[in-house]
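Number of protein chains: 2
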Amino acid sequence: MEEILKQALLYDFYGELLTGHQKRVYEDVVLNDYSFSEVAENLGISRQGVHDMIRRCNRLLTGYEEKLHLVERFISLRAQVGQIQKIAGEHRQDPAMKEIEGIAVSILEEL
Amino acid sequence: MEEILKQALLYDFYGELLTGHQKRVYEDVVLNDYSFSEVAENLGISRQGVHDMIRRCNRLLTGYEEKLHLVERFISLRAQVGQIQKIAGEHRQDPAMKEIEGIAVSILEEL
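Rendered as structure tokens:
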């Protein structure tokens with residue numbers, strides 16, 4: 001998986017376990033694609049400080065994943081529900097299939 | 112939901128974030144249904160110590176759920192996939208329905 005997508009997924013699952021300050025820096029750099037220098041200037045900290053914090057956040061988020069495996073389970077689950085949606089969508093003239101397709105779409109929206 | 116079931120689900124999702132010692136005590140009391148006195152004696156700590164640790168573990172696990180909402184999402188998801196399984200099972204003479212039923216069963220086993 002692309003590194004940035006993996007980071008975003010890790011953040012999506014475990015971001016709430018970071019402090020407010022860590023979240024702000026992580027979001028600016030990883031999700032909003034600001035440069036280390038821009039974020040450093042905005043927050044009045046050094047460029048190295050931003051760099052260290054991102055590294056620390058990545059270690060924390062990766063550590064949670066190594067323990068809980070939620071992103072891994074989520075990716076597998078999404079693929080399986082996607083498969084149900086595809087099969088049901090190909091037969092949606094059948095009302096029961098249409099109902100299944102609707103549930104699958106609703107699950108995928110929530111995931 | 113029954114309190115004991117809720118505790119078991121919380122532990123299932125977030126238990127790996129507890130220390131080894133906390134896990135051992137929590138499993139003995141909550142999952143294996145030993146009494147506080149038995150666990151205290153086995154581990155050579157006071158009954159009050161066991162009591163305090165269970166309370167602390169419950170606070171930690173509940174705190175993770177308040178931040179991450181994984182048990183909540185899991186329960187909703189399981190209900191929706193269960194619904195798909197039910198509908199597909201009622202039409203399993205149709206090969207596509209049989210395939211969907213199989214995927215739903217596999218998801219429920221993994222959840």
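Going down the list, the protein sequences come from chains A and B. Okay, so the first sequence: first residue is 1 according to this note's numbering, each after it adds one. Okay, so the second sequence: first residue is 112 according to this note's numbering, each after it adds one. Cβ atoms here follow ideal geometry from the backbone N, Cα and C, with glycine treated the same way.
Cβ-Cβ distance between residue i and residue j below 8 Å
| i | j | result |
| --- | --- | --- |
| VAL30(A) | MET53(A) | no |
From the options, residue whose alpha carbon lies closest to that of residue i
| i | options | result |
| --- | --- | --- |
| LEU179(B) | PHE13(A), GLN7(A), LEU5(A) and ALA8(A) | PHE13(A) |
| LEU9(A) | LEU70(A), GLU90(A) and ALA96(A) | LEU70(A) |
| HIS162(B) | GLU183(B), GLU149(B) and LEU128(B) | GLU149(B) |
| ALA104(A) | TYR175(B), GLY155(B) and ALA199(B) | ALA199(B) |
| GLU66(A) | TYR122(B), GLU127(B), GLU113(B) and PRO206(B) | GLU127(B) |
| ARG73(A) | GLN118(B), ILE218(B) and PHE147(B) | ILE218(B) |
| GLN7(A) | HIS91(A), GLY63(A) and ALA40(A) | GLY63(A) |
| ARG55(A) | GLN83(A), GLN22(A), GLU110(A) and ASN32(A) | GLN22(A) |
| SER76(A) | GLU2(A), LEU111(A), SER35(A) and PHE36(A) | LEU111(A) |
| ARG189(B) | GLU220(B), GLU210(B) and ASN143(B) | GLU220(B) |
| GLY131(B) | GLN204(B), HIS202(B), CYS168(B) and GLU201(B) | CYS168(B) |
| PRO206(B) | PRO95(A), HIS91(A) and GLU27(A) | HIS91(A) |
| PHE147(B) | ARG158(B), ASN153(B) and GLU210(B) | ARG158(B) |
Coil, strand or helix - residue i by DSSP
| i | result |
| --- | --- |
| ASP33(A) | coil |
| HIS180(B) | coil |
| LEU128(B) | helix |
| GLY213(B) | helix |
| SER76(A) | helix |
| GLN204(B) | coil |
| GLU114(B) | helix |
| ILE107(A) | helix |
| GLY63(A) | helix |
Inter-residue CB distance, residue i and residue j (contact presumed, cutoff 8 Å)
| i | j | result |
| --- | --- | --- |
| GLN85(A) | GLU101(A) | 6 Å |
| LEU60(A) | LEU18(A) | 7 Å |
Any C-beta of chain E under 8 Å from that of residue i
| i | result |
| --- | --- |
| LYS23(A) | Among the protein chains of the structure shown, namely A and B, there is no chain E. |
Residue i CB to nearest heavy atom of the ligand GTP below 7 Å
| i | result |
| --- | --- |
| SER37(A) | Here there are no bound small molecules, and the ligand GTP is not part of this structure. |
At what residue ranges does the segment 145 to 169 of chain B contain a whole run of the alpha helix (DSSP H), taking only runs of 4 or more? 147 to 154
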